[in-house]
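As structure tokens, the structure follows; a few thoughts come after it.
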Amino acid sequence: MPSSPPSSDSETRRAFLATFGTVTGAALAGCAGRLPGTDPKGVDARRTTEAGEISWEYPPNDDADGIGYASVELDRNRTGERSPSAYRLTLNSTVRGSHGSEQYEGYRADWFRFRVGPPAAYAARYGFEMRVQPPPWPELSLRYDRRGGRRALVVESEQFGSDGTITFDLLFVPGGSPAPQRLHCSFEVQASRGGALAKTVSADGQGTLAIPSDSG
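Residues are numbered in my numbering as their position in the sequence shown, beginning at 1, plus a constant of 931.
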């Protein structure tokens, strides 16, 4: 089972709830204008891979801000408080809402999901551990899952109902040395808007994040 350090995140959690604590009422207000019973329309996501970061913009848009983006970023300053071999990652899910370009305004994230894990051969030989820091809020759920023979941690929030940015740290602890050369990362998101332009869209993407040999 995913593990977490002792709860010392009261300030962080309060900040999170201050930002998203009114989500339920706002989401219900926004839902009033939605057209029910329609399947989400899939939109493309453009992947960008840089040193220490992989991100996805959806839909791809060169000259305007789209609906949103997701990213997984490696903190090159490895944390060593609990495990000197641990790697800290930052996961980011952003739905721009009123800050998107005109044609993409008003969307809220219905739910989002990340999957992160090492290659199957590494996991089978050494194992690994992952945990969210600070410990997960009630809105987040954590579980290990296996897909295509590869075990990964799944971080998801169902029925989220908010726009804006949510970020959280994920601690990856390799089960043996050396650490894997890469992590497999993927994301999924569904977002909706109400009113006269009511619409529901979904996007997903995947890729690999390199772990530099000098990251520790």
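Virtual Cβ for every residue (Gly too), placed ideally from N, Cα, C.
- Apart from the 5 residues on each side of it in sequence, L1071 sits with its Cβ closer than 6 angstroms to the Cβ of S1088 in its chain, given in chain order.
- Of the residues assessed, S1032 falls on the exposed side of the cut-off, its CB having fewer than 16 other CB atoms within 10 angstroms.
- The alpha-carbon of A995 is positioned some 15 angstroms away from that of W987.
- Taking a cut-off of 8 angstroms on C-beta distances, the segment 1029–1045 does not touch the segment 1106–1115, as fewer than three cross pairs fall below it.
- Ranking G1079, Y1038 and G1080 by CA distance to the CA of R1124 puts Y1038 first.
- If you check the CB distance, K972 and T1139 do not come in under 8 angstroms.
- The DSSP assignment places 1051–1057 as complete runs of the alpha helix (DSSP H) inside the segment 1011–1066, in order along the chain (cut-off: 4 residues).
- Counting the other Cβ atoms within 10 Å of the Cβ of D1076 gives fewer than 16, which makes it exposed.
- Looking at the DSSP output, A1001 sits in a beta bridge with W987 and S1024.
- In this structure, L1114 and P1049 form a Cβ contact; the two beta carbons are roughly 6 angstroms apart against a cut-off of 8 angstroms.
- According to DSSP, P1105 shares a beta bridge with F1059.
- Beta-bridge analysis with DSSP links G1138 to C1116.
- Rounded to whole angstroms, the separation of the alpha carbons of V1086 and W1068 is 11 angstroms.
- Check the Cα spacing between E1119 and each of T1021, G1058, V1047 and R1019: the tightest is with V1047.
- Taking C-beta atoms as the reference points, D1006 and T1021 count as a pair closer than 8 angstroms.
- G1092 is bridged by DSSP to nothing; it lacks a bridge partner.
- Taken through DSSP and simplified to helix, strand or coil, G1126 comes out as helix.
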